[in-house]
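J.: Dumping the structure here so I can ask a few things about it.
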Amino acid sequence: MSLRFYNTMTRSLEEFKPIKPDEVRMYTCGPTVYAPAHVGNYRAYMFEDILRRYLIYKGYRVTQVMNLTDIDDKTIRDSNAKGITLNEHTQPIKDMFFEDIDRLNIQRAEYYPAATEHIGEMVAMVEKLLERGHAYRSGDSIYYKISSFPNYGSLSHMKIEDLMAGARIDSDEYEKETASDFALWKGWTEKDGAVFWETSLGKGRPGWHIECSAMSMKYLGEQFDIHTGGVDNIFPHHENEIAQSEGVTGDKFVNYWLHNAHLILDSKKMAKSEGNFITVKELTEQGHDPLAIRFVLLSTHYRQQLNFTMDGLGAAKAAITRLRDFKSNVESASGSGDGIAVNEAIEKAVRGFEEGLDNDLNISPSVAAVFDFVRDINSIIADNGLSASEKESVLENLKKFDSVLGVIFVDESGLDAEIEEMIQKRLNARKNKDFQTADEIRDALLSKGIILEDTPTGTKWKRKIS
RNA sequence: GGCGGCUUAGCCAAGUGGUAAGGCGGAGGUCUGCAAAACCUCUAUUCUCCGGUUCGAAUCCGGAAGCCGCCUCCA
């Protein structure tokens, strides 16, 4: 089966055909670094990670760009409130973002352009939009003239005249011809403080939407394959990006628009503005394994709202524990095996895994296929064990599944000498049938997060997933 | 007011016309010094509700209820 995506633009499932046959270029909406990202934000980055990993799994060469929005009303507001420079405010938040990305085992994109480093590109775009009659100057600011772009609203499928009049339109100090026009360049005002650029457009700063048009086209070209983000970005952000980009090139901007649904906490969208959020760092500091968070975020289809609960996190821990135990079972298996059954199990698993993800990254059936695989192979191991070559192909396939899931094969640091010594002591005690001492040692190790398992092939240990 | 989505077991979650995947949790059994892991068996006669279409509906149509999101700087 071929890969299909639900395209927000057409509101239908479409077969994915990249512009260049073996290469995918995609722009994935990144964080606004005014405050640390929360788990809900990472739902988007996790979806983008699964997308990226599955494209690579399918054999595509991927060029991914993720923006870092380090200039907007909030970054200015917060840095001025603290009396520090914009960069002093945003840099630590950028650092935290990358720490979280690593914790969650999210693969790095090829480019992480920051808005403040692309002012020149943005200015050039705005100039072109002025030339082409899509923009106008009003006071010290420049606005996009929506009425000049007939396709406006095609992504969100909304008509401008249907928007609730006055719903949330700023009563700001800028003068716009019509309320729905949006700022490309904002002339400096006092509350911007030291944040401004002197450019051919005047003294000021870019509007929010222009950065994504400028940076995506710089790194990916005037037309590229995939653009992603949260559903909240469909309107106005992505709608405006299309207007800006196509206003400049006169050509189609993006072929596939993919949007993820929100994470829900206490039956509300997790959001900084609602105050109902929790960060990856906080959960990690509470002792939760970040890969359990990863599993929670990835195991529900990206277009489905996901309710974040501690129960769910607990279930995720148990699930990845089972997957890792399986890996360890396979690694220590021996025996004659049953070539046919193993191959059949692998084929079935690969088919199920790919069928799900091919279908608009519908990951639930794919995860189910992996768990079926676990039971099938465990059952074979229990009956006949595995031959050396079977072991190898089972592990190879598991690794392949995990190249998308990213929760099974993780670096585990070795044991301290002290723990090693305790395991040895316990082995001796067991040999002498001193089970009381043996159990005491096992309990002591458990309290350090080390689980021991006595198996026919010897004592194994693993780290407890908390 | 406009646009969109959701409602399947104790919890999470697949399934878009052919008789309910998978995970977690729970119950029983095998194995084990005891555990753990693993394996085996069981755990939704039914899909929010009410009508309709059909030989057949969780799936299609109509209606109702509840929940959520977007509607100008939110992932």
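Mapped onto the numbering used here, the consecutive letters of the first sequence carry residue numbers 214 to 679. The beta-carbon is built from N, C-alpha and C at its ideal position, and this holds for glycine as well.
How is the beta strand (DSSP E) around isoleucine 355 delimited, first residue to last?
T.: Element bounds for isoleucine 355: 354-357.
J.: Report the option in Tyr273, Lys341 and Tyr255 whose CA atom is closest to the CA atom of isoleucine 319.
T.: Ranking Tyr273, Lys341 and Tyr255 by Cα distance to isoleucine 319 puts Tyr255 first.
J.: Given 8 angstroms as the limit, is there contact between the segment 237-246 and the segment 273-283, that is, 3 or more CB pairs closer than that?
T.: The segment 237-246 is in contact with the segment 273-283.
J.: Check whether the segment 509-525 and the segment 338-357 touch, using three or more Cβ-Cβ pairs below 8 angstroms as the test.
T.: Cβ pair count under 8 angstroms is below three, so no.
J.: Which same chain residues end up closer than 6 angstroms to aspartate 502 when comparing Cβ atoms and leaving out the 5 residues on each side of it in sequence?
T.: Same-chain partners within the cutoff: Ile678 and Ser679.
J.: Assign isoleucine 477 to one of three DSSP states: helix, strand, or coil.
T.: DSSP places isoleucine 477 in strand when its eight states are reduced to three.
J.: Could you tell me how far apart the beta carbons of phenylalanine 395 and tyrosine 357 are, in whole angstroms, since I believe they sit closer than 8 angstroms?
T.: About 5 angstroms separates the two Cβ atoms, so the contact holds.
J.: Output the distance between the C-alpha atoms of isoleucine 590 and glycine 662, rounded to the nearest integer angstrom.
T.: Going by the C-alpha atoms only, they are around 28 angstroms apart.
J.: My parser needs the alpha helix (DSSP H) runs of 4 or more residues fully inside the segment 598-666; what are they?
T.: Entirely contained in the segment 598-666, the alpha helix (DSSP H) runs reaching 4 residues are, in chain order, 601-618, 630-644 and 648-660.
J.: Since threonine 303 contacts aspartate 283 with CB under 8 angstroms, what's their CB separation in whole angstroms?
T.: Indeed they touch by this definition, with Cβ atoms about 4 angstroms apart.
J.: Tell me, to the nearest whole angstrom, how far the beta carbon of threonine 670 is from that of serine 541; I am working on the premise that it is less than 8 angstroms.
T.: So it is not a contact: roughly 11 angstroms between Cβ atoms.
J.: Going by beta-carbon coordinates alone, are threonine 497 and glutamate 261 separated by less than 8 angstroms?
T.: Contact flag unset, no.
J.: Between which two residues does the beta strand (DSSP E) carrying alanine 529 extend?
T.: Note, alanine 529: premise wrong, no beta strand (DSSP E); alpha helix (DSSP H) at 523-544.
J.: For glutamate 312 and methionine 259, what's the separation of their Cα atoms in angstroms?
T.: Spanning the two alpha carbons is a distance of roughly 14 angstroms.
J.: Please specify which runs of the beta strand (DSSP E), each continuous and at least 3 residues long, are wholly inside the segment 247-301, giving them in chain order.
T.: With a minimum length of 3 residues, the continuous beta strand (DSSP E) runs that stay inside the segment 247-301 are 274-279.
J.: Apart from the five residues just before and just after glutamate 452, which ones in its own chain have a Cβ nearer than 6 angstroms to its Cβ?
T.: So the list reads Leu368 and Ser369, once near-sequence residues are dropped.
J.: Going by beta carbon distance, what residues of the same chain come within less than 7 angstroms of isoleucine 447, once the five residues before and after it are set aside?
T.: Thr221, Leu368, Ser369 and His472, listed in sequence order.
J.: Count the other CB atoms within 10 Å of the CB of leucine 342; is the residue buried (16 or more) or exposed (fewer)?
T.: Buried, because 16 or more other Cβ atoms sit within 10 Å of the Cβ of leucine 342.
J.: If contacts are defined as beta-carbon pairs under 8 angstroms, then isoleucine 654 and arginine 639 qualify, I think. What distance do you get, rounded to the angstrom?
T.: Confirmed, Cβ separation roughly 4 angstroms.
J.: Can you tell me which residues form a DSSP beta bridge with threonine 672?
T.: Looking at the DSSP assignment, threonine 672 forms a beta bridge with Asp667.
J.: Report the three-state DSSP secondary structure of proline 503 (helix, strand or coil).
T.: Three-state DSSP puts proline 503 in a helix.
J.: Quick check: what's the CA-CA separation for tryptophan 674 versus leucine 665?
T.: In a straight line, the C-alpha of tryptophan 674 is about 4 angstroms away from that of leucine 665.
J.: Assign arginine 537 to one of two classes, buried (16 or more other C-beta atoms within 10 Å of its C-beta) or exposed (fewer than that).
T.: Buried is the call here.
J.: Rounded to a whole number of angstroms, what is the C-alpha to C-alpha distance between glycine 550 and leucine 476?
T.: Cα-Cα distance, rounded: 44 angstroms.
J.: Are the segment 551-558 and the segment 602-621 touching by the rule of at least three beta carbon pairs closer than 8 angstroms?
T.: A contact exists between the segment 551-558 and the segment 602-621.
J.: In whole angstroms, give me the CA-to-CA distance for methionine 377 and glycine 366.
T.: Any reading at methionine 377 must be qualified, since the residue scores a pLDDT of 47, below 50, and its modelled position is unreliable; the value itself is stated next. In a straight line, the C-alpha of methionine 377 is about 14 angstroms away from that of glycine 366.
J.: Short of 8 angstroms in beta carbon distance, which residues of its chain neighbour lysine 233, apart from the five on each side in sequence? Order them along the chain.
T.: Same-chain partners within the cutoff: there are none.
J.: For the beta strand (DSSP E) containing aspartate 438, name the first residue and the last one.
T.: First-last of the beta strand (DSSP E) with aspartate 438: 437-443.
J.: Is it buried or exposed for glycine 443, if we count other Cβ within 10 angstroms and need 16 for buried?
T.: It counts as buried.
J.: Any idea what DSSP makes of alanine 484, helix, strand or coil?
T.: Alanine 484: coil per DSSP, three-state reduction.
J.: By Cβ distance below 6 angstroms, which residues in the same chain neighbour lysine 416 in space, the five residues on each side in sequence not counted?
T.: Closer than 6 angstroms at Cβ, skipping near neighbours: Trp401 and Phe409.
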